[in-house]
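Down below is the structure, laid out as structure tokens.
Residue numbers (our numbering): 118 to 469.
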């Protein structure tokens, strides 16, 4: 699949093994001035208007970093491009910074595309508000920007066209509700592997805590950052297990951290005692649930997100039509009862 994608995509990648979430973006205070200019359709009036460009167009695609989650999004992007004519429809140019906190690199990437006169940009920003000046430059040049995989709550940026992704609070709440149903009135001690501080972590974890707050039998006994990555998930879990002998459930706010925790739990022979729960339904988490080593995860539909990005771009840039300000995919919790219903083609690029 990778060789095929290499033929189909112009890729300029700087790889980084990090989690799917932005690390240094804080929940922004509400800017009432920007709220005042929001129209009924959700637009601010500062975005470049819809166009009717002729295909093929050039799409600049910039994730916060390269990892499993973003690769699945790319698979969805490429598959939708191919469904619309492939190279006759669009050229996909992928460029990623070296890490999720590398905001200056993202600025340079986008500024380079603006200078080249690219047709449209899709971006998951390391810091939405810090990127606002470069978004404004793109708008001045008539280049629309679509955000993806970003919580809408964080953004006061008036220049993006649409935010394509899923509701991260809904996903965090869904995991909390799963635990309520799974453990009922049973006393249950929960350890949490958090990501780096930022709005993704805040939204997921906050909604989870809301979901379990009326169930005192579900008690969070430990919570530490594991930086969205597997090896840190393993080492943090090892420390948690040494400090607390009574953990019943380990929840990783991203599957990579949960999988690292799984390694630590297995090494201590505690897999029959401690339930492992994740978030995102990555391919490795899916396999772990199939092996009955993980109990559950929440699918955030990254491939569908990729398809939705291209559909929105086509409608706005080529069709000359407005698109919704927020385009969210449905989230679904998978566990032993329904994991066989998940369509594994939703991970991969499928050649038609």
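Every residue, glycine too, gets a C-beta built ideally from N, C-alpha and C.
This one's a predicted model, so the numbers in the text were calculated from it and none came from an experiment.
For residue 416, the enclosing beta strand (DSSP E) stretches over residues 413–416. Considered as a whole, the region 385–456 harbours 392–394, 413–416, 443–446, 449–452 as its complete beta strand (DSSP E) runs of no fewer than 3 residues, in chain order.
Contact annotation: residue 343 and residue 374 have beta-carbon atoms nearer than 8 Å.
Contact annotation, residue 338 with residue 307: C-beta distance approximately 7 Å; criterion of less than 8 Å satisfied. Residue pairing by DSSP places residue 462 opposite no residue, since no beta bridge is assigned to it.
Residue 418 and residue 428 have their alpha carbons spaced roughly 15 Å apart. According to DSSP, residue pairing for residue 279 in a beta bridge involves 263. Per DSSP, residue 239 is one residue of the beta strand (DSSP E) stretching across 237–240. Shown here, residue 175 sits in a strand according to DSSP, grouped into three states. Proximity of the region 431–438 to the region 388–403 falls short of the contact definition, fewer than three beta-carbon pairs being nearer than 8 Å. Contiguous alpha helix (DSSP H) elements confined to the region 178–236 occur at 185–200, 220–233, taking only those with 4 or more residues. The beta carbon of residue 422 sits closer than 8 Å to the beta carbons of 190, 193, 265, 266, 281, 282, 283, 446 from its chain, once the five residues preceding and following it are set aside; these are given in chain order. Straight through space, the alpha carbons of residue 378 and residue 462 are spaced by roughly 27 Å.
In this structure, the straight-line span from the alpha carbon of residue 228 to that of residue 364 is close to 48 Å.
Nearest in C-alpha terms to residue 186, of all of 415, 468, 444, is 415. Taking C-beta atoms under 8 Å as the contact rule, residue 443 and residue 269 qualify, at a distance of about 6 Å.
Linking residue 456 to residue 255 through their CA atoms gives a straight-line distance of about 43 Å. With a cutoff of 8 Å on beta-carbon distance, residue 382 and residue 413 are scored as not near each other. Pairing residue 448 with residue 207 gives a Cβ-Cβ distance that is not under 8 Å. Under the DSSP definition of a beta bridge, residue 336 partners with 306.
The C-alpha of residue 169 lies about 47 Å from the C-alpha of residue 453.
In this structure, residue 179 lies away from residue 233, with their beta-carbon atoms at least 8 Å apart. DSSP places residue 285 within a helical segment (H, G or I) once states are collapsed to three. A distance of 8 Å or more separates the beta carbons of residue 424 and residue 164. Across the set 235, 438, 245, 248, the C-alpha of 235 shows the shortest separation from the C-alpha of residue 258.
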